[in-house]
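The next block holds one structure in the form of structure tokens; read it before the comments.
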Amino acid sequence: MNNSIVRIVDLPDEILVTIFKKLHHFDVLYSLVGVNKKLDNVACDVTFTRSIDLTTISLDKADDSRINAILDRFCIEILPRIQKRMECLTIQACFLQRVYHASDYLN
Numbered sequence: 056m057n058n059s060i061v062r063i064v065d066l067p068d069e070i071l072v073t074i075f076k077k078l079h080h081f082d083v084l085y086s087l088v089g090v091n092k093k094l095d096n097v098a099c100d101v102t103f104t105r106s107i108d109l110t111t112i113s114l115d116k117a118d119d120s121r122i123n124a125i126l127d128r129f130c131i132e133i134l135p136r137i138q139k140r141m142e143c144l145t146i147q148a149c150f151l152q153r154v155y156h157a158s159d160y161l162n
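Heads up: the sequence shown begins at 56 in the numbering used here, then just goes up one per residue.
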């Protein structure tokens, strides 16, 4: 019997997209952007960047340092890279100013 190892990055992009469609777009972006070139390209696909919902971040945890770190990474590293492909960004009012100042948005 042949013991072959298949890593997730060995899968075709189409299969990865199908798998990642089961997750929230924000989770795909936050988890995969910056891991490696292949996963970065898959995560930045229009499938995951067209519509992003940040309302899954709990309001009662808005002051939590982990939430702040997540939002900082999203606003500083991820948002500027995907903003041209983004059509809809749903956010809570308490995060509006932070996200708005993260990038230059087109009308």
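All C-beta atoms in this analysis are idealised placements derived from N, C-alpha and C, irrespective of residue type, glycine included.
Problem set entry | Coarse secondary structure for D82, derived from DSSP in three states | DSSP places D82 in helix when its eight states are reduced to three.
Problem set entry | Residue from M141, R136, N123 with nearest C-alpha to C163 | Outside the modelled stretch of the chain, which goes from 56 to 162, sits residue 163, for which no answer is possible.
For this session: Report yes if the C-beta distance between K93 and V61 is below 7 angstroms; otherwise report no.
Result: No, they are not a contact pair.
For this session: Identify whether I149 lies in helix, strand or coil by the three-state DSSP scheme.
Result: Correcting the residue type first, residue 149 is Cys in the shown sequence and not Ile. When DSSP states are grouped into helix, strand and coil, C149 belongs to the helix group.
Exercise. Secondary structure at L144, three-state DSSP: helix, strand or coil?
Worked result: L144 falls in the strand class under three-state DSSP.
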